[in-house]
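Since the structure comes first, as structure tokens, the remarks are kept for the end.
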Amino acid sequence: MKRRVGTMRARVVWRLSCLSMLSLSTLSGCAVSPLSQRAATFSTAASATVVKMQSAYQLVETTYEEAAMASLVNQFDMKGFDPASIQPFIPAADMKARTELMSALQQYATLLAEVSGSSEVTELDKESEALGTNLEAMAKDAPLTALAKNANMESGVASAAVDALGRVLIEKRTAKELPSILESAQKPIDTICTLLGQDIGTPEGTGLRNELRDKYVELIADQRTYILANEAKMSPDEKRTEIGKLPQLVTAEKQGDATLEQTQKALQQLAATNDVLTQTKKDKDAPAFRALVTQMVAQGQQLGAVYAAASAASAKKQ
Amino acid sequence: MATDPAIPTTIPTTKAAAQALLDKLYAANPITLGDSEAISDAVAEVNVILTQLNQEDIASRTGAMQAVAADLKDPVKKLGELKDQLTQVASRVKTLGDIAKDIDSVIGGCKSVFGI
């Protein structure tokens, strides 16, 4: 009985050490798959683009309000103020549809980031670290030191081996399920980018950029009228300040249009990134990565067998 | 030197004509209050037309946006399901951690057996 237990324990330690050494040698430079990397890249870009698009709508609404305010100031004496005249540029129903669309895109991006190897892998790392601590404490146990030395067991490698197992499992599941999801989302994402880009439009044509430009024409005209209507009542400094607002309005219009144009380009880039991401599933994984995954799967299976044996031995003793 | 643009008596209703008029008004440089007020009023009236055309353009895409948001629901649902599956993988590692504690108890038992 004593000899059987001692032999079993030595076998467990020996297998763990060999397995761990193999895992350690292959873990250096281990990275997530191309699919996971590109999914994470797309997710980050999508989230950033949603924020830019929300800002784009807000920019034009704010400018629209400012133009209404400037006109009200100049015409108040003759026309008074009608509260009903205060309306947003984009009616509520149209804006609601856009808000819900951007929310859906954001939700998709958030979930894609979560399955592309962030939160689950972090949790896995925590669990495997706790496991590794248990194993390392076992390795430091004085009576086992000689056995561990003979088996060349290094501290920390068991933790790394379990971590590798978990990462492989996650990557395999992701590689199996994610491509079909990406494919089903490809056309909707492309359509979303097209529709939002059309909303932004062009300065000479229609859309947010044209509305922004036209409202600044109104703001400049009203500011000029305001100066001429009130200059007799202004001090030199006040007049200077008001005149100074004219070139500032010209600059603000250019900056605003540049921002909208950048957002439009971000949408085009997002659509391109989405197409590359969906294409990834059709490309073969890098051969080196495929070999690494195969090796780590085999090691993971060995590790599973070792732990199963240890668990069975523990149960038998009790 | 200020220009005195001819302020139109009627505002065009087509996009191209209205936009061209707005550009012309923008280029004007009135230096008298009367001219500036006339320009401001004309700009406001042209902009009513142009803003309405932009609003119609934006509204023309609202239906398509609602439709495509609905198309995205299924991929989002499947991503949520995949996330749940991956969470289960991480919890299985915790089970391995429990087994490792069993190894500790085995070793502890062996120590007492061997009198270590």
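The listed protein sequences correspond, in order, to chains A and B. The first sequence maps to residues 1 to 318 in the working numbering. The second sequence maps to residues 319 to 434 in the working numbering. For each residue, glycine too, the CB sits at the ideal point set by N, CA and C. Keep in mind it's a predicted model, so treat the numbers as computed, not measured.
Residues within the region 46 to 76 of chain A neighbouring chain B, beta-carbon criterion of under 7 Å = So the list reads Ser-71, Asn-74, given in the order they occur along the chain.
Around the C-beta of Pro-348 (chain B), are 16 or more other C-beta atoms found within 10 angstroms, so that it is buried, or is it exposed?
-> By one-based count along the second sequence, residue 348 (chain B) stands at place 30. Classification of Pro-348 (chain B): buried, given that the 10 Å Cβ count is 16 or more.
Identify the contact partners of Glu-114 (chain A) in chain B, using a Cβ-Cβ distance below 7 Å as the criterion.
-> Locating residue 114 (chain A) in the first sequence gives position 114, where the first residue counts as 1. Neighbours of Glu-114 (chain A) on chain B, chain order: Lys-401.
Arg-38 (chain A): contacting residues in chain B (beta-carbon distance under 9 Å) = Start at 1 with the first residue of the first sequence, and residue 38 (chain A) comes out as number 38. The premise fails here: Arg-38 (chain A) is roughly 15 Å from chain B at the closest Cβ pair, so nothing lies under 9 Å.
Helix, strand or coil at Ser-43 (chain A) [DSSP, three-state] = Residue numbering aside, residue 43 (chain A) sits at position 43 when the first sequence is read from its first letter. Helix at Ser-43 (chain A).
Can you give me the Cβ contacts of Lys-239 (chain A) inside the same chain, cut-off strictly under 8 Å, excluding the 5 residues immediately before and after it?
-> Here the question's residue 239 (chain A) lines up with position 239 in the first sequence. Here Lys-239 (chain A) has Ile-227, Glu-231 as same chain residues with Cβ atoms under 8 Å from its own Cβ, once five neighbours each way along the sequence are excluded.
Just mark Lys-395 (chain B) as buried or exposed, buried being the case when its beta carbon has 16 or more other beta carbons within 10 Å.
-> Counting from one through the second sequence, the residue named residue 395 (chain B) turns up at place 77. The residue is exposed, with fewer than 16 neighbouring Cβ atoms inside 10 Å.
Return the CA-CA distance between Thr-328 (chain B) and Val-361 (chain B), expressed in angstroms with no decimal places.
-> For the purposes of this step, residue 328 (chain B) is taken as residue 10 along the second sequence, with counting starting at 1. For the purposes of this step, residue 361 (chain B) is taken as residue 43 along the second sequence, with counting starting at 1. In a straight line, the C-alpha of Thr-328 (chain B) is about 12 Å away from that of Val-361 (chain B).
State the start and end residues of the unbroken alpha helix (DSSP H) segment that holds Glu-231 (chain A).
-> Position 231 of the first sequence, counted from the start, is the residue given in the question as residue 231 (chain A). From DSSP, Glu-231 (chain A) is part of no alpha helix (DSSP H); its letter is neither H nor E.
Quick one: list the residues of chain B neighbouring Asn-274 (chain A), beta-carbon separation under 7 Å, in chain order.
-> Within the first sequence, residue 274 (chain A) is the residue found at index 274, counting from 1. Within chain B, not a single residue places a beta-carbon under 7 Å from that of Asn-274 (chain A); the smallest gap is close to 12 Å.
For chain A, is any of its Cβ atoms less than 7 Å away from the one on Val-366 (chain B)?
-> Translated into positions along the second sequence, residue 366 (chain B) becomes position 48. False, the Cβ-Cβ gap to chain A never drops below 7 Å.
Check the Cβ of Thr-369 (chain B) against every Cβ in chain A and list those closer than 9 Å, keeping chain order.
-> Here the question's residue 369 (chain B) lines up with position 51 in the second sequence. Ordered by position in chain A, the residues that pass the 9 Å Cβ test against Thr-369 (chain B) are Tyr-64, Phe-89, Glu-211, Asp-214, Lys-215.
Taking C-beta pairs closer than 7 Å, name the residues in chain B that Ile-192 (chain A) reaches, listed in chain order.
-> Along the first sequence, read from residue 1 onward, the residue named residue 192 (chain A) stands at position 192. Residues of chain B with a Cβ closer than 7 Å to the Cβ of Ile-192 (chain A) are, in chain order, Val-386.
Are the Cβ atoms of Ala-387 (chain B) and Glu-204 (chain A) separated by less than 7 Å?
-> For the purposes of this step, residue 387 (chain B) is identified with residue 69 of the second sequence, where counting begins at 1. For the purposes of this step, residue 204 (chain A) is identified with residue 204 of the first sequence, where counting begins at 1. Cβ atoms of Ala-387 (chain B) and Glu-204 (chain A): not closer than 7 Å.
Could you name the residues of chain B that Glu-218 (chain A) contacts, counting a contact when the two beta carbons are closer than 7 Å?
-> On the first sequence, position 218 is the one that residue 218 (chain A) refers to. For the C-beta of Glu-218 (chain A), the chain B residues within less than 7 Å are, from N- to C-terminus, Val-361, Ala-362, Asn-365.
First and last residue of the uninterrupted alpha helix (DSSP H) at Gln-255 (chain A) | Translated into positions along the first sequence, residue 255 (chain A) becomes position 255. Looking at the DSSP string, the run of the alpha helix (DSSP H) that includes Gln-255 (chain A) is 236 to 280.
To which residues of the same chain is Asp-237 (chain A) closer than 6 Å at the C-beta, ignoring the five residues directly before and after it?
-> Taking the first sequence and counting its residues from 1, the one referred to as residue 237 (chain A) is at position 237. Closer than 6 Å at Cβ, skipping near neighbours: no residue.
Roughly how many angstroms separate the alpha carbons of Asp-199 (chain A) and Ala-92 (chain A), rounded to a whole number?
-> Within the first sequence, numbered from 1, the residue matching residue 199 (chain A) stands at position 199. Within the first sequence, numbered from 1, the residue matching residue 92 (chain A) stands at position 92. Between Asp-199 (chain A) and Ala-92 (chain A), the C-alpha separation is close to 15 Å.
Gln-269 (chain A) to Gly-197 (chain A) span [Cα, whole Å] | For this step, residue 269 (chain A) is matched to residue 269 along the first sequence. For this step, residue 197 (chain A) is matched to residue 197 along the first sequence. Take the alpha-carbon of Gln-269 (chain A) and the one of Gly-197 (chain A): they are about 11 Å apart.
Inter-residue spacing [alpha-carbon to alpha-carbon] between Ala-382 (chain B) and Asp-353 (chain B) | Looking up residue 382 (chain B) in the second sequence gives position 64. Looking up residue 353 (chain B) in the second sequence gives position 35. Annotation: Ala-382 (chain B) to Asp-353 (chain B) spans about 45 Å, alpha carbon to alpha carbon.
Straight-line CA distance for Ala-334 (chain B) to Leu-340 (chain B)?
-> Counting from one through the second sequence, the residue named residue 334 (chain B) turns up at place 16. Counting from one through the second sequence, the residue named residue 340 (chain B) turns up at place 22. The alpha-carbon atoms of Ala-334 (chain B) and Leu-340 (chain B) are separated by roughly 10 Å.
On the premise that Gln-186 (chain A) lies in contact with Asp-398 (chain A), defined as a C-beta separation below 8 Å, what is that separation, rounded to the nearest angstrom?
-> Outside the displayed range of chain A (1 to 318) lies residue 398 (chain A), so it cannot be described from this structure.
So which residues on chain B does Leu-111 (chain A) lean against when the C-beta distance must stay under 7 Å?
-> Working through the first sequence from its first residue, we reach residue 111 (chain A) at position 111. Ordered by position in chain B, the residues that pass the 7 Å Cβ test against Leu-111 (chain A) are Val-394, Leu-397, Gly-398, Lys-401.
Since I believe Asn-365 (chain B) is in contact with Glu-218 (chain A) (beta carbons under 8 Å), could you give me their beta-carbon distance rounded to a whole number of angstroms?
-> Working through the first sequence from its first residue, we reach residue 218 (chain A) at position 218. Working through the second sequence from its first residue, we reach residue 365 (chain B) at position 47. The Cβ separation is near 5 Å, so the contact holds.
Where do the ends of the alpha helix (DSSP H) carrying Thr-206 (chain A) lie?
-> Taking the first residue of the first sequence as position 1, residue 206 (chain A) is located at position 206. Per DSSP, Thr-206 (chain A) belongs to no alpha helix (DSSP H) and is neither H nor E.
Residues that Leu-339 (chain B) contacts on chain A, provided the C-beta gap is smaller than 8 Å = For the purposes of this step, residue 339 (chain B) is taken as residue 21 along the second sequence, with counting starting at 1. The contacting residues do not exist; Leu-339 (chain B) stays about 11 Å from chain A at best.
Measure the alpha-carbon distance for Ala-109 (chain A) versus Ala-45 (chain A) and round it to whole angstroms.
-> If you number the first sequence from 1, residue 109 (chain A) lands on position 109. If you number the first sequence from 1, residue 45 (chain A) lands on position 45. Per the coordinates, the alpha-carbon of Ala-109 (chain A) lies some 9 Å from the alpha-carbon of Ala-45 (chain A).
Can you tell me which of the three DSSP states Phe-81 (chain A) falls into?
-> Numbered from 1 along the first sequence, position 81 holds the residue referred to as residue 81 (chain A). The answer is coil: DSSP assigns Phe-81 (chain A) none of H, G, I, E or B.
How big is the Cα-Cα spacing for Met-234 (chain A) and Glu-242 (chain A)?
-> Locating residue 234 (chain A) in the first sequence gives position 234, where the first residue counts as 1. Locating residue 242 (chain A) in the first sequence gives position 242, where the first residue counts as 1. If you take the alpha carbons of Met-234 (chain A) and Glu-242 (chain A), they lie about 9 Å apart.
Looking at the structure shown, is Gly-201 (chain A) part of a helix, part of a strand, or coil, going by DSSP?
-> Here residue 201 (chain A) refers to the residue found at position 201 of the first sequence. Residue state for Gly-201 (chain A) is assigned as coil, using DSSP reduced to three classes.
What whole-angstrom Cβ distance do Thr-278 (chain A) and Glu-183 (chain A) have, given they're in contact under 8 Å?
-> In the first sequence, the residue the question calls residue 278 (chain A) occupies position 278. In the first sequence, the residue the question calls residue 183 (chain A) occupies position 183. So it is a contact: roughly 6 Å between Cβ atoms.
How big is the Cα-Cα spacing for Lys-391 (chain B) and Ser-103 (chain A)?
-> In the second sequence, counting from the first residue as 1, residue 391 (chain B) sits at position 73. In the first sequence, counting from the first residue as 1, residue 103 (chain A) sits at position 103. Their Cα atoms are separated by approximately 11 Å.
Taking only beta-carbon positions, decide if Arg-365 (chain A) is within less than 7 Å of chain B.
-> The requested residue 365 (chain A) does not occur in the structure, where chain A is confined to residues 1 to 318.
Cβ distance (whole Å) where Asn-372 (chain B) is taken to contact Thr-259 (chain A) below 8 Å | Indexing the second sequence from 1 puts residue 372 (chain B) at position 54. Indexing the first sequence from 1 puts residue 259 (chain A) at position 259. Rounded to whole angstroms, the Cβ separation of Asn-372 (chain B) and Thr-259 (chain A) is 18 Å, and the two are not in contact under 8 Å.
Would the beta-carbon of Arg-379 (chain B) be found less than 6 Å away from any heavy atom of the ligand SAH?
-> Among the components of this structure there are no ligands whatsoever, and the ligand SAH is therefore not found.
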